[in-house]
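A.B. asks: Provided herewith is a single structure, encoded as structure tokens, for subsequent inquiry.
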Amino acid sequence: MTPNQSGNLPASATWGLLAAWAIHDSEEFVTMGGWLDRARPRLRSRFPRVPEYVWEQLRVSPAQARIAVGAMGAVIAAAAVRGARTGGSSRFYQATVVGFGLHAGGHIAQAVATRGYTPGVVTAPLVAAPYSLWVWRRLRAAGVPLDSRAAVTGAAVLLPVAVVTCQAGARVLAPHRTH
117 MTPNQSGNLP ASATWGLLAA WAIHDSEEFV TMGGWLDRAR PRLRSRFPRV PEYVWEQLRV
177 SPAQARIAVG AMGAVIAAAA VRGARTGGSS RFYQATVVGF GLHAGGHIAQ AVATRGYTPG
237 VVTAPLVAAP YSLWVWRRLR AAGVPLDSRA AVTGAAVLLP VAVVTCQAGA RVLAPHRTH
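For the working numbering, count along the sequence shown from 1 and bump the result up by 116.
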């Protein structure tokens, strides 16, 4: 028997992570590749002291975006599977849920800092953050043991490691060609 002894945790709480991520990352999949190239004139005027080599390092090609999104999908799918198998009590699953919700703030902060659209900013507050809050309440209501501190700490470690690893892998597999 899973740690969720009451059986009150719906599958949408665990598998919903993968569904919510797919909705959110569909926006990123479509908009991330080439976004910086399109936004660079506006961003250069907003941040004139940023050297050209920094802009170049921040570029993400459409191929890199596809690879990075796919790699992150594997991480999210693994967390959803772990959550389903443990009735939501997996620390990996819980940290991923928290990280997914918290990263919505990063999307909003990017849009505020750049004073415009950034990839993922539409679905982050409409899908990622609400899903994460909803599932945390569902886990609590189902009697799943929760360790908020461990989940936040895990998210603080897991999220940047996963993002950097997925992006770095994408850069290795699909390097930029010079303009």
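For every residue, glycine included, the Cβ atom is placed at its ideal position computed from N, Cα and C. These numbers were taken from a predicted model, which means no experiment stands behind them.
Tell me which same chain residues have a C-beta within less than 8 Å of the C-beta of Gln173, skipping the five on either side of it?
C.D. replies: Along the sequence shown, one-based indexing puts residue 173 at 57. None.
A.B. asks: Check for me: the alpha helix (DSSP H) holding Val268 runs from which residue to which?
C.D. replies: Residue 268 sits at position 152 when you count from the first residue of the sequence shown. Where Val268 is concerned, the enclosing alpha helix (DSSP H) stretches over 264-289.
A.B. asks: When the Cα atoms are used, what is the spatial distance from Gly199 to Asp153?
C.D. replies: The count along the sequence shown starts at 1 and reaches residue 199 at position 83. The count along the sequence shown starts at 1 and reaches residue 153 at position 37. Approximately 38 Å between the Cα atoms of the pair.
A.B. asks: Considering just the uninterrupted stretch of the alpha helix (DSSP H) at Arg165, what are its terminal residues?
C.D. replies: Here residue 165 corresponds to residue number 49 of the sequence shown, with the count starting at 1. Arg165 -> no alpha helix (DSSP H), and no H or E assigned at all.
A.B. asks: Return helix, strand or coil for Val251, following the three-state DSSP convention.
C.D. replies: Counting from 1 along the sequence shown, the entry for residue 251 is found at position 135. Three-state DSSP puts Val251 in a helix.
A.B. asks: Are Trp137 and Pro235 closer than 8 Å when you measure CB to CB?
C.D. replies: Taking the sequence shown and counting its residues from 1, the one referred to as residue 137 is at position 21. Taking the sequence shown and counting its residues from 1, the one referred to as residue 235 is at position 119. No, the pair does not count as a contact, with Cβ atoms beyond the cut-off.
A.B. asks: For a test of the three-state rule: what should DSSP assign to Gly204, helix, strand or coil?
C.D. replies: Counting from one through the sequence shown, the residue named residue 204 turns up at place 88. If DSSP states are grouped into helix, strand and coil, Gly204 belongs with coil.
A.B. asks: If you follow the alpha helix (DSSP H) that Ala135 is in, where does it begin and where does it stop?
C.D. replies: Within the sequence shown, residue 135 is the residue found at index 19, counting from 1. Start and end: 127-147.
A.B. asks: Classify Met117 as helix, strand or coil using the three-state DSSP reduction.
C.D. replies: Here residue 117 corresponds to residue number 1 of the sequence shown, with the count starting at 1. Residue placement at Met117 is poorly supported in this model, since its pLDDT is 40, which falls under 50; the coordinates are not used for a value here.
A.B. asks: So, helix, strand or coil for Thr234, using DSSP?
C.D. replies: Here the question's residue 234 lines up with position 118 in the sequence shown. The answer is coil: DSSP assigns Thr234 none of H, G, I, E or B.
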